[in-house]
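J.: First, the structure itself, so that you have it in front of you.
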Amino acid sequence: MSQQADYEKHTMIAWMEDKPGVLNRVAGLFSRRNFNIESLTVGHSEAPGISRMTFVATGTPRDMRQIKTQLFKLINVTAVEDVTDRPAIQRELALIKVQANSNTRQEVVQLAELHQAEIVDVNIDSVVVQIVARPEKVDSLLTLMEHFGVVEMVRTGSVAMVRSEKLPPAYKNGTP
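Under this note's numbering, think of the first position of the sequence shown as 24, with each following residue one higher.
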(Lines of atoms letter the chains of each structure in order from A; the text may use other names.)
(Lines give C-alpha, C1' and ligand atoms only; values in the text may rest on other atoms or scores of the structure.)
Protein backbone atom coordinates (compact mmCIF):
# COMPACT_ATOMS: atom_id res chain seq x y z
CA MET A 24 0.00 0.00 0.00
CA SER A 25 1.09 3.59 -0.61
CA GLN A 26 1.93 6.43 1.75
CA GLN A 27 -0.71 7.44 4.29
CA ALA A 28 -1.21 10.84 2.57
CA ASP A 29 -2.72 9.10 -0.47
CA TYR A 30 -5.33 7.28 1.60
CA GLU A 31 -8.98 8.14 1.15
CA LYS A 32 -12.15 6.80 2.70
CA HIS A 33 -14.18 4.85 0.11
CA THR A 34 -17.78 3.67 0.27
CA MET A 35 -18.49 0.59 -1.80
CA ILE A 36 -21.59 -1.51 -2.39
CA ALA A 37 -21.45 -5.19 -3.30
CA TRP A 38 -24.37 -7.40 -4.29
CA MET A 39 -24.06 -11.12 -3.65
CA GLU A 40 -26.06 -14.28 -3.60
CA ASP A 41 -27.54 -14.90 -0.16
CA LYS A 42 -25.53 -18.05 0.57
CA PRO A 43 -23.46 -19.30 3.52
CA GLY A 44 -19.78 -18.33 3.51
CA VAL A 45 -19.98 -15.34 1.16
CA LEU A 46 -19.44 -12.75 3.90
CA ASN A 47 -16.50 -14.77 5.22
CA ARG A 48 -14.86 -14.77 1.77
CA VAL A 49 -15.33 -11.01 1.45
CA ALA A 50 -13.84 -10.38 4.91
CA GLY A 51 -10.97 -12.73 4.08
CA LEU A 52 -10.19 -10.73 0.95
CA PHE A 53 -9.77 -7.56 3.02
CA SER A 54 -7.77 -9.37 5.68
CA ARG A 55 -5.35 -10.94 3.18
CA ARG A 56 -4.62 -7.50 1.73
CA ASN A 57 -4.24 -5.92 5.20
CA PHE A 58 -7.18 -3.52 4.76
CA ASN A 59 -9.32 -2.44 7.67
CA ILE A 60 -13.06 -2.27 7.09
CA GLU A 61 -14.27 0.78 9.03
CA SER A 62 -17.95 0.05 8.52
CA LEU A 63 -19.82 -2.97 7.21
CA THR A 64 -23.55 -3.59 6.82
CA VAL A 65 -25.26 -6.46 5.07
CA GLY A 66 -28.93 -7.05 4.43
CA HIS A 67 -31.53 -8.15 1.93
CA SER A 68 -31.82 -6.18 -1.30
CA GLU A 69 -34.74 -5.55 -3.63
CA ALA A 70 -33.82 -8.70 -5.57
CA PRO A 71 -34.90 -12.05 -4.09
CA GLY A 72 -31.91 -14.14 -3.02
CA ILE A 73 -29.47 -11.21 -3.36
CA SER A 74 -27.91 -9.51 -0.33
CA ARG A 75 -26.49 -6.01 -0.41
CA MET A 76 -23.29 -5.15 1.44
CA THR A 77 -22.20 -1.58 2.07
CA PHE A 78 -18.69 -1.11 3.41
CA VAL A 79 -16.39 1.78 4.12
CA ALA A 80 -12.63 1.24 3.92
CA THR A 81 -9.58 3.48 3.70
CA GLY A 82 -6.93 3.12 1.01
CA THR A 83 -5.52 4.69 -2.10
CA PRO A 84 -7.74 4.94 -5.19
CA ARG A 85 -5.54 2.24 -6.76
CA ASP A 86 -5.99 -0.03 -3.73
CA MET A 87 -9.76 0.42 -3.87
CA ARG A 88 -9.88 -0.36 -7.60
CA GLN A 89 -7.95 -3.55 -6.88
CA ILE A 90 -10.34 -4.50 -4.05
CA LYS A 91 -13.32 -3.84 -6.33
CA THR A 92 -11.84 -6.08 -9.05
CA GLN A 93 -10.99 -8.84 -6.57
CA LEU A 94 -14.44 -8.68 -4.95
CA PHE A 95 -16.14 -9.05 -8.32
CA LYS A 96 -14.10 -12.20 -8.98
CA LEU A 97 -15.39 -13.90 -5.81
CA ILE A 98 -17.91 -16.68 -6.29
CA ASN A 99 -21.46 -15.51 -5.50
CA VAL A 100 -20.63 -11.77 -5.83
CA THR A 101 -22.83 -10.41 -8.62
CA ALA A 102 -21.79 -6.73 -8.71
CA VAL A 103 -19.53 -4.20 -6.98
CA GLU A 104 -19.79 -0.42 -7.16
CA ASP A 105 -17.57 2.29 -5.63
CA VAL A 106 -19.99 5.11 -4.79
CA THR A 107 -17.40 7.39 -3.17
CA ASP A 108 -17.50 10.04 -5.89
CA ARG A 109 -21.13 9.54 -6.90
CA PRO A 110 -24.09 11.50 -5.59
CA ALA A 111 -25.30 9.14 -2.87
CA ILE A 112 -27.45 9.08 0.22
CA GLN A 113 -25.53 7.66 3.16
CA ARG A 114 -27.07 6.92 6.57
CA GLU A 115 -26.14 5.24 9.82
CA LEU A 116 -28.18 4.33 12.89
CA ALA A 117 -26.76 4.83 16.38
CA LEU A 118 -28.17 4.21 19.84
CA ILE A 119 -26.40 6.24 22.52
CA LYS A 120 -27.08 5.74 26.24
CA VAL A 121 -26.13 8.97 28.01
CA GLN A 122 -25.90 9.75 31.72
CA ALA A 123 -28.69 12.18 32.48
CA ASN A 124 -30.20 13.18 35.78
CA SER A 125 -32.91 15.71 36.56
CA ASN A 126 -30.35 18.55 36.17
CA THR A 127 -28.96 17.50 32.77
CA ARG A 128 -31.81 15.59 31.11
CA GLN A 129 -33.35 18.64 29.40
CA GLU A 130 -30.02 19.66 27.87
CA VAL A 131 -29.49 16.12 26.52
CA VAL A 132 -33.01 16.16 25.03
CA GLN A 133 -32.39 19.57 23.40
CA LEU A 134 -29.11 18.43 21.83
CA ALA A 135 -30.84 15.33 20.51
CA GLU A 136 -33.62 17.44 18.98
CA LEU A 137 -31.08 19.79 17.36
CA HIS A 138 -29.60 16.74 15.62
CA GLN A 139 -33.05 15.43 14.64
CA ALA A 140 -32.52 12.46 16.95
CA GLU A 141 -35.14 10.74 19.10
CA ILE A 142 -35.24 9.88 22.77
CA VAL A 143 -36.24 6.20 22.82
CA ASP A 144 -35.78 5.42 26.52
CA VAL A 145 -35.63 7.44 29.72
CA ASN A 146 -34.44 6.17 33.07
CA ILE A 147 -33.79 7.94 36.36
CA ASP A 148 -30.07 8.24 35.56
CA SER A 149 -29.84 7.86 31.77
CA VAL A 150 -31.42 8.58 28.41
CA VAL A 151 -31.12 6.53 25.21
CA VAL A 152 -30.86 8.63 22.07
CA GLN A 153 -31.49 7.20 18.59
CA ILE A 154 -30.12 8.97 15.55
CA VAL A 155 -30.35 8.06 11.87
CA ALA A 156 -28.12 10.42 9.91
CA ARG A 157 -24.98 10.86 7.86
CA PRO A 158 -21.98 9.38 9.71
CA GLU A 159 -20.53 12.88 10.24
CA LYS A 160 -23.72 14.01 11.99
CA VAL A 161 -23.68 10.90 14.19
CA ASP A 162 -20.05 11.74 15.08
CA SER A 163 -21.07 15.30 15.94
CA LEU A 164 -23.87 14.23 18.29
CA LEU A 165 -21.67 11.61 19.91
CA THR A 166 -18.97 14.21 20.60
CA LEU A 167 -21.53 16.48 22.28
CA MET A 168 -22.98 13.62 24.34
CA GLU A 169 -19.53 12.68 25.67
CA HIS A 170 -19.75 15.80 27.85
CA PHE A 171 -22.55 14.12 29.83
CA GLY A 172 -20.97 10.68 29.87
CA VAL A 173 -21.68 8.02 27.28
CA VAL A 174 -22.59 4.84 29.15
CA GLU A 175 -23.06 2.65 26.10
CA MET A 176 -23.15 3.15 22.34
CA VAL A 177 -23.75 1.05 19.23
CA ARG A 178 -23.61 2.04 15.56
CA THR A 179 -24.89 0.03 12.63
CA GLY A 180 -22.36 1.16 10.07
CA SER A 181 -23.20 3.07 6.93
CA VAL A 182 -25.68 2.12 4.25
CA ALA A 183 -25.58 3.97 0.94
CA MET A 184 -27.74 4.36 -2.13
CA VAL A 185 -26.75 6.21 -5.29
CA ARG A 186 -29.09 8.96 -6.43
CA SER A 187 -29.94 7.77 -9.93
CA GLU A 188 -32.73 6.81 -12.30
CA LYS A 189 -31.11 3.54 -13.33
CA LEU A 190 -31.41 0.29 -11.43
CA PRO A 191 -28.40 -0.94 -9.42
CA PRO A 192 -26.13 -3.50 -11.07
CA ALA A 193 -27.46 -6.34 -8.90
CA TYR A 194 -26.75 -8.97 -11.54
CA LYS A 195 -23.79 -9.94 -13.68
CA ASN A 196 -24.70 -9.78 -17.36
CA GLY A 197 -28.26 -8.71 -16.52
CA THR A 198 -29.30 -12.06 -15.04
CA PRO A 199 -29.56 -13.28 -11.43
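Even for Gly, the Cβ is constructed at its ideal location relative to N, Cα and C.
Within the same chain, show all residues whose beta-carbon is closer than 8 Å to that of Gly82, passing over the 5 residues directly before and after it, in chain order.
T.: Contacts found: Met24, Tyr30, Glu31, His33, Phe58 and Ile90.
J.: Given that a residue counts as buried once 16 or more other Cβ atoms are within 10 Å of its Cβ, and exposed if not, what is Gly172?
T.: Exposed is the call here.
J.: State yes or no: is the C-beta of Val177 within less than 9 Å of the C-beta of Gly66?
T.: Result no, Cβ atoms of Val177 and Gly66 do not sit closer than 9 Å.
J.: Which first and last residues belong to the alpha helix (DSSP H) in which Ile90 is found?
T.: Per DSSP, Ile90 belongs to the alpha helix (DSSP H) from Pro84 to Lys96.
J.: Quick check: the region 121 to 134 against the region 147 to 158, are at least 3 beta-carbon pairs closer than 8 Å?
T.: Touching, per the Cβ criterion.
J.: For the region 40 to 52 and the region 95 to 114, state whether three or more C-beta atom pairs, one from each stretch, are separated by less than 8 Å.
T.: The region 40 to 52 is in contact with the region 95 to 114.
J.: Using CA atoms only, rank isn't needed, just tell me which of Leu167, Asp108 and Arg157 is closest to Val132.
T.: Looking at the Cα atoms, Leu167 is the closest of the given residues.
J.: For Arg178, name the three-state secondary structure that DSSP assigns.
T.: Arg178 falls in the strand class under three-state DSSP.
J.: Do you know how far the Cα of Gln129 is from the Cα of Ala111?
T.: One C-alpha to the other measures close to 35 Å.
J.: The alpha helix (DSSP H) with Lys160 in it runs from where to where?
T.: Per DSSP, Lys160 belongs to the alpha helix (DSSP H) from Pro158 to Met168.
J.: Which residue comes first and which comes last in the alpha helix (DSSP H) that contains Glu136?
T.: Per DSSP, Glu136 belongs to the alpha helix (DSSP H) from Arg128 to Leu137.
J.: State the CB to CB distance for the pair Arg114 and Val155, rounded to an integer number of angstroms; the pair is presumed to be in contact (CB under 8 Å).
T.: Sure, about 6 Å apart at Cβ, within 8 Å.
J.: Only counting the same chain, and skipping five residues up and downstream in sequence, which positions put a Cβ closer than 8 Å to that of Leu52?
T.: Closer than 8 Å at the Cβ level, and outside the excluded window around Leu52, lie Ile90, Gln93, Leu94 and Leu97.
J.: Quick check: what's the CA-CA separation for Glu175 versus Arg55?
T.: Distance between the alpha carbons of Glu175 and Arg55: 32 Å.
J.: Answer with buried or exposed for Asp86, where buried requires no fewer than 16 other C-beta atoms within 10 angstroms of its C-beta.
T.: Result: buried.
J.: Rounded to the nearest angstrom, how far is the Cβ of Gln153 from that of Glu169, given a contact under 8 Å?
T.: About 17 Å; that fails the 8 Å criterion.
J.: How close, in whole Å, do the beta carbons of Arg75 and Ile36 come, if the pair is a contact with beta carbons under 8 Å?
T.: Arg75 to Ile36, Cβ: 6 Å. Contact.
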